[in-house]
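Heads up, the sequence shown is in numbering that gives the first Met the number 0, so the first residue is 0 and it goes up one at a time. For every residue, glycine included, the Cβ atom is placed at its ideal position computed from N, Cα and C.
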Amino acid sequence: MTFFQPLQPPEIQRALLHQGYTYEEYLPAPMLRQVVACYWCSYAAPGAVPQEHRIIPDGCIDIIFDLTAQKLTGSHWISELMCRHEVMQIDHPMHCLGVRIYAGEAARIFGFPAGLLYGNEVTMQDLYSLAANDLIESLLCADQISIRLSLLDRWLCQRLKQQSMVPSSLFTAALHYIHYRHGNITLPGIAAELHYSERTLRRLFDQELGISPKEIAGIIRFQSLLHSWQRQPASADTVTRLRFSDLAAAHGYYDQSHLNRAFSQYYGLTPSQIRQSADDL
0 MTFFQPLQPP
10 EIQRALLHQG
20 YTYEEYLPAP
30 MLRQVVACYW
40 CSYAAPGAVP
50 QEHRIIPDGC
60 IDIIFDLTAQ
70 KLTGSHWISE
80 LMCRHEVMQI
90 DHPMHCLGVR
100 IYAGEAARIF
110 GFPAGLLYGN
120 EVTMQDLYSL
130 AANDLIESLL
140 CADQISIRLS
150 LLDRWLCQRL
160 KQQSMVPSSL
170 FTAALHYIHY
180 RHGNITLPGI
190 AAELHYSERT
200 LRRLFDQELG
210 ISPKEIAGII
220 RFQSLLHSWQ
230 RQPASADTVT
240 RLRFSDLAAA
250 HGYYDQSHLN
260 RAFSQYYGLT
270 PSQIRQSADD
280 L
C-alpha cells in the first residue's frame with residue numbers, strides 16, 4: 000500500500016553530492032517492499048568547513064547504524080516520524096547505513112505502532128537485546144555493502160515472519176485513501192469517505208503514528224509535489240519546465256503563501272533555492 004518512493008534532499012539536489020559526500024539508496028528484498036521503502040548509505044568526509052546534511056519529512060521512520068562506531072552501544076538508533084525538516088552540521092567523518100520503513104507499516108517490524116516512538120528515544124538493543132547486538136556486530140564487521148544489505152534482508156524477513164501485529168483495517172484504509180489522493184484531502188473528507196467520525200480517526204492516527212491525519216496528509220502531499228517536480232525531464236529548458244507554483248496548484252496548494260509555508264516547514268529552503276541547487280550540476 001505505497002504510492003511513491005520517499006525523497007530526501009540528496010535525491011533532489013544532486014549538486015549536494017561530491018567527493019566528500021555520497022548518498023545511495025538500495026531496494027530491499029521483494030517481500031519487504033510494502034514495508035521497507037529502501038536501504039540507504041551515506042558517507043561524509045568534511046574538510047575545514049562543516050558539511051550541511053538536510054533531512055526532510057517523508058512519512059517514514061529509520062533505523063540508522065553508525066558504521067564508524069567502535070562499540071555496539073550508541074552505534075544505532077531509531078528515528079521517530081518527522082514533521083519538520085532538520086539540518087545537521089557534520090564536522091567529522093560519518094558513514095551511516097539506514098533502513099527506511101513506511102511509518103504505517105512499522106508495527107509489522109517492531110511489534111508496536113510508530114506512534115509509540117514519537118517523543119521517545121528507542122534503540123535496537125531496547126527492543127531485541129542480544130539479538131540486536133548480533134545484527135549490529137555483523138553489520139560493523141562486513142566489508143561490502145552487498146553483505147550488509149543481505150544481512151538486513153534476512154533479519155527483516157525474519158521479523159515479518161515472527162511478528163503477527165498488523166495495523167488496524169480502519170487505519171490502513173484511511174492511510175490508503177490519503178496516499179491515493181496524494182495527501183490532497185481533508186480530515187472531514189476522509190471521515191466522509193470511510194463513514195467514521197473525525198474524532199475516531201484522530202485518535203486512531205495518534206495511536207498508530209503519533210501525529211494527526213492532517214499532519215501525515217501534509218507530508219504526503221509535499222512529497223508528491225517533489226516527485227512531480229523531479230519527474231520532469233532533465234533535458235527540458237526553463238520554458239518547458241513547470242514552475243513549483245504551477246505544480247503546487249495541481250497538488251492543492253491554493254496560493255503562494257500556502258506553498259511557502261509548506262517549504263518552510265518541510266524543507267527549510269525556498270523553491271527557487273532548491274531549483275538552483277538541483278540544476279547546478
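The alpha helix (DSSP H) with residue i in it runs from where to where?
| i | result |
| --- | --- |
| methionine 87 | No alpha helix (DSSP H) contains methionine 87, which is instead part of the beta strand (DSSP E) from 85 to 89. |
| arginine 147 | 144 to 161 |
| phenylalanine 262 | 255 to 265 |
| glutamate 197 | 197 to 207 |
| threonine 171 | 168 to 179 |
| arginine 32 | Looking at the DSSP string, arginine 32 is not in any alpha helix (DSSP H), and its letter there is neither H nor E. |
| glycine 188 | 186 to 193 |
| isoleucine 108 | 106 to 109 |
| leucine 246 | 243 to 249 |
| isoleucine 11 | 8 to 11 |
What's the call for residue i, buried or exposed, on a 16-neighbour Cβ count within 10 Å?
| i | result |
| --- | --- |
| histidine 178 | buried |
| glycine 209 | buried |
| isoleucine 55 | buried |
| serine 223 | buried |
| tyrosine 266 | buried |
| glutamine 12 | buried |
| aspartate 236 | Any answer about aspartate 236 is weak, because its pLDDT of 49 lies below 50 and its placement is not dependable; what the coordinates show is given next. Exposed. |
| glutamine 7 | buried |
| tyrosine 253 | exposed |
| arginine 180 | buried |
| glycine 182 | buried |
| serine 41 | buried |
| proline 166 | buried |
| glutamate 104 | buried |
| cysteine 59 | buried |
| methionine 123 | buried |
| valine 86 | exposed |
| alanine 261 | buried |
| methionine 81 | buried |
Per DSSP, which residues does residue i bridge with? Please list them.
| i | result |
| --- | --- |
| valine 98 | Tyr38, Ile62 |
| tyrosine 25 | Tyr38 |
| arginine 282 | Nothing about residue 282 can be reported from this structure: the residues present for the chain run from 0 to 280 only. |
| histidine 226 | Bridge partners of histidine 226: none, in fact. |
| alanine 68 | According to DSSP, which records beta bridges pairwise, alanine 68 is partnered with nothing at all. |
| methionine 93 | Ala43 |
| tyrosine 20 | His17, Ala43 |
Using 8 Å for Cβ pairs, my map puts residue i next to residue j. What's the rounded Cβ distance?
| i | j | result |
| --- | --- | --- |
| tyrosine 20 | glutamine 50 | 6 Å |
| isoleucine 62 | valine 98 | 4 Å |
| arginine 83 | glutamine 264 | 6 Å |
| phenylalanine 64 | serine 74 | 6 Å |
| alanine 106 | methionine 164 | 5 Å |
| leucine 169 | leucine 225 | Between leucine 225 and leucine 169 the Cβ distance is about 29 Å, and since that is not below 8 Å, they are no contact. |
| leucine 66 | histidine 94 | 4 Å |
| glutamine 162 | glycine 110 | 5 Å |
| serine 173 | leucine 193 | Per the sequence shown, the amino acid found at residue 173 is alanine instead of serine. With 8 Å as the limit, alanine 173 and leucine 193 qualify as a contact, their Cβ atoms being about 6 Å apart. |
Span of the beta strand (DSSP E) holding residue i?
| i | result |
| --- | --- |
| isoleucine 135 | Taken as a continuous stretch (DSSP letters only), isoleucine 135 belongs to no beta strand (DSSP E), being part of the alpha helix (DSSP H) at 123 to 140. |
| isoleucine 77 | 75 to 77 |
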